[in-house]
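Protein chains in written order, with the working numbering: chain E, 9 to 426; chain Z, 27 to 400; chain L, -17 to 643. For glycine and all other residues, C-beta sits at the position ideal for the given N, C-alpha and C. These numbers were taken from a predicted model, which means no experiment stands behind them. Remarks on the structure that follows.
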């Protein structure tokens, strides 16, 4: 982030407004130097949401604009503040006579109006081009519907034969995209306004209910890019996170194949099979698992709209192919495995990510706590006594009152959803 | 400053306030008891107010009042208005609630005017001053009241004219009238000599013109398109025929709806008797449209053919709880003529499956577009 | 205005005197003690009350801010729950904007605007009192929500549909709507009042271009309010009907577009930003020339740049919505318009610097705060330019970078301006000097605290920390010594230093009230008319309405230019001038009498508002009080003494309109 330093250092230049005594002036100069150094090195390294580390062409367009406007602002700032400091020192009351009462010089005024106008015209021209470049959607290669809901994102991949998507894929928690592909997100929302933001890939765009907004993403290399909902969306706004996973084109094809794999019920008699029954009784009301069948062999279709105000709940087919749950608030993998995936080299990343969540890697602590009492883990409107205005419908996952036994079975079952 | 009469009524007001608040908190805030207590409160406050303003029991002003009363009272037509109000109220009881309300309004208005005139005449022995007193008291009621009635009448007549005029005509009328008012106001503001009778003349003429035009247009009715819209009734179930038939009722004026531009997921076209579709963000034809589940989604239908067409969405079959029979689910748009558009808003709660595929079709055109709901 | 009754001739029987002619509830006369304040219509007392109320809410909003910073000092903060945090930042923003910044500007405007233009009071004194009481009632309604089921939790911008009854089920948003609606009425009344005052009541000789810049900026602000407040009023009415009476203006399932609210809110909200900052610009445009002993450099440029900021401010609202999906054409237009507004703002900065150029600069605390404003506002203005570039803004909006930007503008700009005003005008208002030593502590603590609090937020935002999150996690904070955790902690520490700075000011106030030394009449060698009277000023402001010949009239009465050397020579002291005025005092000064009704009416409006939440009976009660108070107001008698007619009768008529009734 070193290139934005001119702007940041100038804040500290304010501290230099102390030129009263010369000894104090030296101290102040020293202080200013120290603070400038602090700001030069003063940024976090590797911040996952750093806006100055573009990892794709769209973010690069923005970064190029930043490279114009931030230095200009910095230089202007330094000049103005230096001039101001000079004036304060120079024209202190040293007993001089009351000056002539001059009311200003028009040519100075006009110059000082025209110069900023010219600078801004230059910035404006580049801005114009940037805006229209970013709005380009004609050469899109992959479309993904992104639907915001309190407090998670649903990603669904419409049927697109040329990307190998023959049946719709529906997922949440992590957006998976192929690298070097122009991906278009079609954002909307089921309840309030949310905003989709992966800083490394592009700026943010609001997901507004009743409207479809387009946002282009493209990643240059495989990896995980973090993001965060940035339009205040109620109680758990802070917990509405996202992660974009970029895979090489071959790995993406494998991922697509994995997501379209048919459901296999757990073998009879296992703990997981008991877990399937618990899932059907407790979870299927809201959460869909594609292909799951009841005892009579009839497919089970969930009806989240009858229980949840906004109308949907995350689809849990292939849950264990994702690394997060509960709106990406919690990791589905434990810390060790998470670090392994996040820090993987880009050529190894795909294989590690596609391995999914094994039993050893599972973050059982958070998953169990979530199943035990979800509202205690994440603030939600899920208290049955407080649903008067939403017609008794929940906003978020309620406490299901599961026994520890149920939870054991469910965890065993969920682990089979590869 | 508090006169004896007012003290009694102020006490009553205070007491009813206390009991009303207690009643609201401890008994029931929204039943007739609360309304009655608050009514009593209001009545007490009003009478107390009048009592204060009329200075009843104030020795000094009573002396004046006695003196003032020695003069003959001025003629008044408020008793007649009051009586008229009473008659209208009775008529209202027999005929229509609106007449009743009107009667109450006349009754209350006449009563207040009468009371204040009577009160003002006792204010002092100076008739001119009494007139001023009356104006100040009644003006606070008169002017807002008359202004509200006047604005209501203007709004009503003007809306009748605008509804009767053709679409373009209405724009022209609006511009002309607005400009005329602006110019007139400007003249009045800048040329003080214009004030007085000439202004009154213009305003009266304008009001008359508005009234005549308003009455005429109210009788002649709204412009034909509006009548047609009202008859077509987009949302009436009885007008929904999803087959090939040419419905009598449809929106001939259907056209581009600007506000939907950013909210359309896909557009379905009919061209040369064939159906094709495009999705937003992807500028090529698709044969499958994926619609998110449980979220209102707009699909635009655009007819490029000569014949009228409509878009039909087929959402599988389900057993009707009432009849016990299996029925086809789905809905359709109104008919759209050449180059016209219709929007279908879908909120599909159930996912599609292999057995139960969803689709868009257009009666009278070839082909279908598959609908997938994940 | 009121109609007052001139005593008639002896021939009229049963004379009714003016003071008792109409209405049995007489006007309060010569009130003392608490009544002196409750029923006053004196613009100076109202101004002081505005100031006290605003200061109270500044402390309330400040405590809310400290709680926010405490919560965010460390990851996964547990001081506040998610719900409490959302209420806290909503109310912090709302309180600071509507209950501190606007009333404090109104305090200065009320007190000094009539004094600066040589008037005895504002045009409509009772309406002035009504504005104050409505503001207080609005503030109480807004904050009552804390004790009645929870405050509003949708952010000060209250975006639909998150503000709807389902998504915000407590009554907090209802109180928010009503509180703002009432406070909005207060501002609207106040702005009309001040516009009329400035346009009609300037002292003889004071043309618009001889008006002090502070008055000019206040005038611009009042026009901004008159045109922007109706928009928020409409928006609030729509939201109120949506929440309380089942309307569907922002209900998407009924075909509404939630962006409607955003447009309405920001068409009001952006001019509102200039409503907040321009009074501070006005204050320092008085302070800088005074302490530089030079007139403001380029007075007409400063005035017209202020006016053009106000005008262009109406055309840039959508820059708050660059991420809202407006489409590239609108975004490009608003982006350029936003850049354009930087130009007049830059002009102001240069003019202030050039005012000091060649001056004889005297570093009092007031001057320090003014210089602080120039420096800090420059930083805030330049970060503003970076997000006028719309694509960059899509990375910055709703992050802490924006928080840093507007706190540099509003705290470094507006609050520093207001503090400069406190130190500059305190001797005028209270006749005592604020302690300069404590003032210096106050200034430096605030500068350091302010930069420590909001400086790091630039880094936090640019490195990806969004706003309005009740917790942040270590996982997204990055690595290294200076990661986001470090800067969050620094910001929290800074906020407490800032709070100590404000505390020092309060200590200074108490100290000054007890032990402060009396101020000379003209402690700063000032330039404008408010110093041409005693400190504190008499009830009627000026013994003789001054006749104005110059911009900076007071200065030019004290100094004369030596035609040979072009230096300024002192020819009179401020005390001499004031004494001269006292000796030539006018006799027939008519002042408006105090009144009960503004207070009663405001209370009625408050109860009426509560009725929206608590049902029709309460509304009926409030309505009855409003009606009753309106009648009392209309029929209120004048307390004019027989000699008080202004101007004295010449034609023997017995009735006339008194402009100051």
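In the DSSP assignment, residue 295 of chain Z is bridged to Z:302, Z:328. Any Cβ of chain L closer than 8 Å to the Cβ of residue 260 of chain E would place that residue at the interface, and such an atom is absent.
C-alpha of residue 250 of chain E to C-alpha of residue 180 of chain E: approximately 9 Å in a straight line. Look at residue 302 of chain Z: its C-beta is not under 8 Å from any C-beta on chain E. One finds 335 in chain L with Cβ atoms closer than 8 Å to the Cβ of residue 91 of chain E, taken in chain order.
Ranking L:525, L:474, L:252 by CA distance to the CA of residue 571 of chain L puts L:525 first.
Proximity to residue 218 of chain L across L:195, L:209, L:250 peaks at L:250, based on C-alpha coordinates. The straight-line gap separating the alpha-carbon atoms of residue 115 of chain Z and residue 123 of chain Z is approximately 9 Å. Taking the Cα positions, residue 551 of chain L is about 18 Å away from residue 510 of chain L. For residue 164 of chain E, the enclosing beta strand (DSSP E) stretches over residues 160 to 165. Counting C-beta pairs with one atom in each stretch, the region 145 to 165 of chain L and the region 194 to 205 of chain L have fewer than three that are closer than 8 Å, which means they do not touch.
The beta carbon of residue 229 of chain L sits closer than 6 Å to those of 223, all from its chain and outside the five residues before and after it, given in chain order. Residue 220 of chain L is outside the set of residues whose beta carbon lies under 8 Å from a beta carbon in chain Z. Taking all protein chains in view, the Cβ of residue 74 of chain E is crowded by 16 or more other Cβ atoms within 10 Å, so the residue is classified as buried. At least one CB atom of chain L sits nearer than 8 Å to the CB of residue 64 of chain Z. By the Cβ neighbour-count rule, residue 139 of chain Z is buried, with 16 or more other Cβ atoms within 10 Å of its own. For residue 204 of chain E, the uninterrupted beta strand (DSSP E) segment begins and ends at 202 to 204. In the structure shown, residue 58 of chain E adopts coil according to DSSP, grouped into three states.
Between residue 340 of chain E and residue 370 of chain E, the CB-CB gap stays under 8 Å.
Residue 227 of chain L carries a helical assignment under DSSP once its states are collapsed to helix, strand and coil. The shortest CA-to-CA distance from residue 379 of chain L to any of E:240, E:279, E:409, E:143 is the one to E:240. Runs of the beta strand (DSSP E) lying entirely within the region 45 to 74 of chain Z and spanning at least 3 residues: none are present.
Cβ-Cβ separation between residue 113 of chain E and residue 187 of chain E: approximately 59 Å, too far for a contact (criterion under 8 Å).
Not flagged as an interface residue toward chain Z: residue 416 of chain E, since no C-beta distance is shorter than 8 Å. It is roughly 24 Å from the alpha-carbon of residue 242 of chain Z to the alpha-carbon of residue 173 of chain Z. When Cβ-Cβ separations below 8 Å define contact, residue 344 of chain Z makes no contact with chain E.
Residue 219 of chain Z sits exposed, since fewer than 16 C-beta atoms from the chains shown fall within 10 Å of its C-beta.
A straight-line Cα-Cα distance of about 27 Å links residue 400 of chain Z and residue 386 of chain E. Contact check for residue 300 of chain L against residue 139 of chain E fails: the beta carbons are separated by 8 Å or more.
Excluding its 5 nearest sequence neighbours in each direction, residue 258 of chain L has C-beta neighbours in its own chain below 8 Å: 79, 83, 84, 87, 392, 396, listed in chain order.
For residue 340 of chain Z, the uninterrupted beta strand (DSSP E) run begins and ends at 338 to 345, by DSSP. Interface with chain E (8 Å Cβ-Cβ cutoff): residue 307 of chain Z is included.
Those residues of the region 589 to 601 of chain L placed with their C-beta closer than 9 Å to a C-beta in chain Z are 596, 597, 598, 599, 600, ordered along the chain. Under the Cβ criterion (8 Å, minimum of three pairs), the region 111 to 130 of chain E does not count as touching the region 208 to 228 of chain E. Only residues of its own chain outside the window of five on either side were considered, and among them 71, 137 have a CB closer than 7 Å to the CB of residue 450 of chain L, listed in chain order.
When the alpha-carbon of residue 178 of chain E is set against those of E:353, E:352, E:321, the nearest one is in E:321.
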